[in-house]
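One structure is given below, encoded as C-alpha cells.
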Amino acid sequence: MWIYEKKLQYPVRVSKCDPRMARFLIEQYGGADGELSAALRYLNQRYSLPDKVIGLLTDIGTEEFAHLEMIATMVYKLTKDATPEQLEEAGLGPHYVNHDRALFYENAAGVPWTASYIQAKGDPIADLYEDIAAEEKARATYQWLIDMTDDVDLQDSLKFLREREIVHSLRFKEAVEILKEEQGKKKFF
Amino acid sequence: MLLHHTPYKTYEPFIGPFDPCPPIKVKAYSTPPNLYIQFQPPGWEQFSPAEALKRGTLWPALYSPYDPKYMLNPGGMGGKEGKR
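Protein sequence lines, in the order shown, are assigned to chains A and B.
Numbering-wise (my numbering), the first sequence opens with residue 1 and increments by one.
Numbering-wise (my numbering), the second sequence opens with residue 190 and increments by one.
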C-alpha cells in the first residue's frame with residue numbers, strides 16, 4: 001500500500017500563459033518514455049526480480065508517480081483557463097474535441113498511452129537495462145522540453161525532474177552491478 | 190414536474206495565486222433532463238410534428254438546448270439558479 005502526502009515532490013510554478021507548452025509536456029505524461037510508463041514499468045517488473053533489487057524498483061516506481069503529479073499540475077495550469085480558440089491555436093483543437101480540458105494519457109501527438117510502451121521480460125538484466133534506457137530517454141525528453149520554453153520557473157521544475165532521471169539511471173546501473181556479483185570480489189577463475 | 194430541474198450546473202474552480210493565465214472563474218457542466226427521468230411515463234405533452242423534427246425530440250420535457258455562453262450566463266437557467 002501507499003501513504004499519500006498531499007503535496008508535490010518539488011514545487012511547480014508556471015509563469016507564462018502558454019497553452020502550446022501543455023501539448024509538449026503531455027509527452028512526459030502519457031508518452032512512451034513518460035512518467036506513467038516509468039511508474040507502471042518498475043512497479044510491475046519488481047515482482048519477478050531478485051529480492052536484492054525489488055525495493056529499489058518500488059521506491060523509484062513510487063517516485064515516478066510523484067513526477068506524474070508534477071507534470072499533471074503543469075499541464076492543468078496551462079490549459080484550465082484557455083478558451084477553445086486558444087487551445088486550437090496551441091494545436092490542442094483535437095484534444096479539446098475529444099477531452100475538453102481534461103488531462104489524458106496520450107503523447108504530444110495525441111496518441112493514447114499503451115502497455116506496449118513497457119516490457120517485463122522476467123530476465124533481471126534485460127529488465128534493468130530497459131529501465132536504464134528508459135531513464136536516459138526521459139532525461140533527453142526533459143532536455144528537449146526545457147528547450148521549448150523560455151519560462152524560467154517551468155524550466156526550474158523540469159530541470160529538477162531531469163536530474164532525478166540521472167539519479168535513477170545510476171541506481172539501476174548499481175542494481176545491475178549487484179546482480180553481477182563477481183565484480184570487485186577478487187575472485188579469479 | 191421535470192422542468193424544475195436546471196439543464197446546467199456551475200461551480201467555481203480553485204484559482205491559484207500564481208496561475209499563468211487569466212482565470213476562468215466559473216465552469217459549467219450539463220445535467221440534461223434524461224438524468225432526472227427514471228422511466229418515461231406515457232401521455233407526455235408533445236411538440237407539433239414539424240417542431241419535433243426541428244428540435245430532435247417529440248417531448249418538450251426531453252428537449253435540452255446547448256449554448257456554452259448561456260450555460261455560464263448568471264441570468265440564464267444554468268447560472269445562479271443552477272448553482273448548488
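Heads up, the beta-carbon is just placed ideally off N, CA and C, and yes, glycines get one too.
If the criterion is Cβ atoms closer than 7 angstroms, does the pair residue i and residue j meet it?
| i | j | result |
| --- | --- | --- |
| T141 of chain A | D33 of chain A | yes |
| D127 of chain A | Q45 of chain A | yes |
| Y197 of chain B | M260 of chain B | yes |
| A70 of chain A | V152 of chain A | This sequence places Met at residue 70 of chain A; Ala is not what is there. No, the Cβ-Cβ distance between M70 of chain A and V152 of chain A is not below 7 angstroms. |
| I26 of chain A | V75 of chain A | yes |
| R61 of chain A | A39 of chain A | A quick correction: the sequence has Gly, not Arg, at residue 61 of chain A. Cβ atoms of G61 of chain A and A39 of chain A: closer than 7 angstroms. |
| Y105 of chain A | G30 of chain A | yes |
| L78 of chain A | M21 of chain A | yes |
| V14 of chain A | A175 of chain A | no |
| F172 of chain A | D131 of chain A | yes |
| F189 of chain A | A108 of chain A | no |
| D81 of chain A | P257 of chain B | no |
| A241 of chain B | L247 of chain B | yes |
| R41 of chain A | I166 of chain A | no |
Any idea which residues DSSP pairs residue i with across the strands?
| i | result |
| --- | --- |
| A200 of chain B | The question names Ala, but residue 200 of chain B in the sequence shown is Tyr. B:K216, per the DSSP bridge assignment. |
| P112 of chain A | A:E106 |
Start and end of the alpha helix (DSSP H) containing residue i?
| i | result |
| --- | --- |
| M260 of chain B | P257 to L261 |
| I146 of chain A | P124 to D147 |
| I60 of chain A | D51 to T79 |
| Y194 of chain A | The shown model of chain A, from 1 to 189, leaves out residue 194 of chain A, and the question about it has no answer. |
| N44 of chain A | E35 to Q45 |
| G93 of chain A | G93 to H99 |
| P249 of chain B | Element bounds for P249 of chain B: n/a, residue is neither H nor E. |
| I178 of chain A | V152 to K180 |
Short-range partners of chain B found in the segment 11 to 26 of chain A, where Cβ spacing is below 9 angstroms: R13, V14, S15, K16, C17, D18 and P19
Proximal residues, the segment 197 to 213 of chain B versus chain A, C-beta separation under 8 angstroms: Those residues of the segment 197 to 213 of chain B that come within reach of chain A (Cβ to Cβ, closer than 8 angstroms) are P202, G205, F207, D208, P209, C210, P211, P212 and I213.
- request: Taking a Cβ distance cut-off of 9 angstroms, strictly less, list which residues of the segment 168 to 180 of chain A are near chain B, in chain order.
  value: Residues: none.
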